[in-house]
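Structure first, commentary second.
Residue numbers (the UniProt record's numbering): 1 to 240.
This is the structure:
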C-alpha cells in the first residue's frame, strides 16, 4: 500500500500480469487488450478476458471462429461450475471483496489479502487444471462443431445448455460449410447491422468496402480469406 492508499483495481491488474500472463503465454496466448488474451487453433479463437472492476474481478472464457469478428459474444462463461467439489472448473468465478466501497484502505487491503487472494488462487487453479487442458484438447473449429453435434460438455456444462447455442452453431456450421458468394453473404448478414459499429476498426472498414456485392465465387473466397486475416490482425494474431 503506497502512501497509505490501497488501489484495488491496480492490485488486480498486477496480479493478472504476474500470476496469469506467464501461464497463458506458455500456452501460446497473446495479449490482445490490457487484460485480454487470445490464441487461434485451426480456425478457432480461444480467449480469456479478465474484467477489472472497482468491486471485483470478472473472468470470461470463450470460443468463437476466426470469422466471427465481434470482440466478445455470448458464447462463453464467467462462472462454469460443476456439482462436485473436485470439479477442476469450480474456482472459475468472480473474485470480490467486502467493503470495496470503504475509504478505509487498511480495511480494504485486509479483505484483499484474506478474501480476494484465496479466490484468485482458486481461479488460477481452475484455469490451469480445468480450462487450459480442455482448450488444448480443442484443436480446431471442426472439433468445436463436433462437440456441439455430439452434445458434449463445454467448461464443465452441456454445450447445448448455453443460451445461444441453438442459433450460434447454425451460423458457424453454415459459414464453415459454405464457400464463394454464399459464405460472404452469411458473414455480411451476421456481422453487419447493429454489430458493425462494435467491430474492430480495420475489420469494420474492410467489410464496409465489400458490401456492394461480389461478382464471382473466387473473388468472394479471396475477400473471405482477407477478412479473416483482418480479424487476426485486429487481435494481434499471425496472419495465414
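Just so it is clear, CB atoms sit at the ideal spot from N, CA and C, and this is done for glycine as well.
Since this is a predicted model, take the numbers as computed values, not measurements.
Determine, using beta carbons only, whether residue i comes closer than 8 angstroms to chain C.
i	result
residue 129	Absence of chain C from the displayed structure is noted, only one protein chain being present.
Assuming residue i is part of the beta strand (DSSP E), what are its boundary residues?
i	result
residue 59	56-65
Going by alpha carbons, who is nearest to residue i out of the options?
i	options	result
residue 140	123, 172, 167	172
residue 5	102, 128, 230	102
residue 19	164, 211, 210, 128	128
residue 56	111, 89, 25	111
residue 25	15, 38, 199, 223	38
residue 76	160, 175, 199	160
residue 122	91, 97, 11	91
residue 109	10, 236, 227	10
residue 325	88, 29, 51	Residue 325 is absent from the model: the chain starts at 1 and stops at 240.
Once DSSP output is grouped into helix, strand and coil, what is the label at residue i?
i	result
residue 40	strand
residue 141	helix
residue 224	helix
residue 34	coil
residue 132	helix
residue 158	strand
residue 236	coil
residue 207	helix
residue 79	coil
Kindly examine the ligand HEM and report whether one of its heavy atoms sits closer than 7 angstroms to the Cβ of residue i.
i	result
residue 212	The model depicted lacks the ligand HEM and carries no ligand whatsoever.
Provide the residue span of the alpha helix (DSSP H) that contains residue i, from first to last.
i	result
residue 120	117-126
Give the DSSP bridge partners of residue i, in chain order.
i	result
residue 52	57
Inset, instruction - Please determine if the segment 148-155 and the segment 177-197 are in contact, where contact requires at least 3 C-beta pairs separated by less than 8 angstroms. - result: The answer is no - the segment 177-197 does not touch the segment 148-155, with fewer than three Cβ pairs under 8 angstroms.
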